[in-house]
Ligand code: PGA
């Protein structure tokens, strides 16, 4: 890794309750090192914990994000949904959009595009998830799939300063399997090249997600074209999460 800030995003998915907040005390302490070692910690807990998380971390170096959002900016008759402006008002700065678990539930590229637009309008930073299935990889369609997901998600969007591209191969999420580091390096290079051609003079921020843990981070950290990691399962225990961050520097 180079001298830039490295982002560690904890995606808690549908896990966690009020008691889980106690585990944050150690992370809050640890976050004091973030300026010195140039890392940023972002927690994306379930909606039910956003408010409590915000109160807990607001004076620390930890930022807050939501795991999804409705595409309507403010409010409306959408039972069970949360809007970008609600997320912003609760104190979150980030939002994950287009996670493959939601795409699998029927979220289309069109809806993802609407969500990205509304979230940017709400001045949230978008963590846009993209990634291919195992079948697509085997058919050598990875680049084509990524290109299509990005082009559709960004339709009509002029600037990408507030977008993080989270490359998450679907076959790697929750499976314990990560891509070979040299192949991942090439895929990330491809993404950087494609995005910076599309957005001249931009420096696209790309993070990797899929089975990151405190062991494989020791290989992943050598990918100097990455800006960070999106971590699911291994982020739920404070010790694991802290270990991942530590081991990516030591
Ligand atoms: P995982 O999840 O780290 O448990 O594989 C990553 C993600 O889905 O964002």
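In the numbering used here, the protein residues as written are 1004 to 1253.
A virtual CB, placed ideally from N, CA and C, is assigned to each residue, including glycine.
> What are the uninterrupted segments assigned as alpha helix (DSSP H) that are 4 or more residues long and contained completely in the segment 1057 to 1101, given in chain order?
Replying inline: 1087 to 1092
>> For a quick check, are the C-beta atoms of residue 1131 and residue 1119 less than 8 Å apart?
In response: yes
> Does the beta-carbon of residue 1171 have 16 or more other beta-carbons within 10 angstroms, so that it is buried, or is it exposed?
Replying inline: buried
> Over what stretch of residues does the beta strand (DSSP E) that includes residue 1168 continue unbroken?
Replying inline: 1166 to 1170
>> For residue 1181 and residue 1214, which I take to be in contact (beta-carbon distance under 8 Å), what is that distance rounded to the nearest angstrom?
In response: 5 Å
> Is any heavy atom of the ligand PGA found at a distance shorter than 7 Å from the C-beta of residue 1212?
Replying inline: yes
> What is the rounded straight-line gap between the Cα of residue 1031 and the Cα of residue 1142?
Replying inline: 44 Å
> Terminal residues of the continuous alpha helix (DSSP H) containing residue 1187?
Replying inline: 1184 to 1201
> Three or more C-beta pairs closer than 8 Å, one from the segment 1009 to 1027 and one from the segment 1217 to 1236: is that the case here?
Replying inline: yes
> Given a threshold of 16 other Cβ atoms within 10 Å of its Cβ, counted over all protein chains shown, does residue 1186 qualify as buried or as exposed?
Replying inline: exposed
>> Suppose the cutoff is 6 Å on Cβ atoms and the five residues either side in sequence are ignored; what does the same chain contact list for residue 1238 look like?
In response: 1013 and 1244
> If we ignore side chains and look at the alpha-carbon of each, how far apart do residue 1004 and residue 1040 end up?
Replying inline: No answer about residue 1004 holds up, because its pLDDT of 47 lies below 50 and its placement is not dependable.
> Going by the CB atoms, is the gap between residue 1217 and residue 1173 shorter than 8 Å?
Replying inline: no
>> Per DSSP, what are the beta-bridge partners of residue 1042 in this structure?
In response: 1009
>> By alpha-carbon positions, which one of 1081, 1221, 1088 and 1029 ends up nearest to residue 1064?
In response: 1029
> For the candidate residues 1095, 1209 and 1176, whose alpha-carbon lies nearest to that of residue 1107?
Replying inline: 1176
> Which class does residue 1234 belong to by DSSP, given the choice of helix, strand or coil?
Replying inline: strand
> Between the C-alpha atoms of residue 1241 and residue 1165, what's the straight-line distance to the nearest angstrom?
Replying inline: 27 Å
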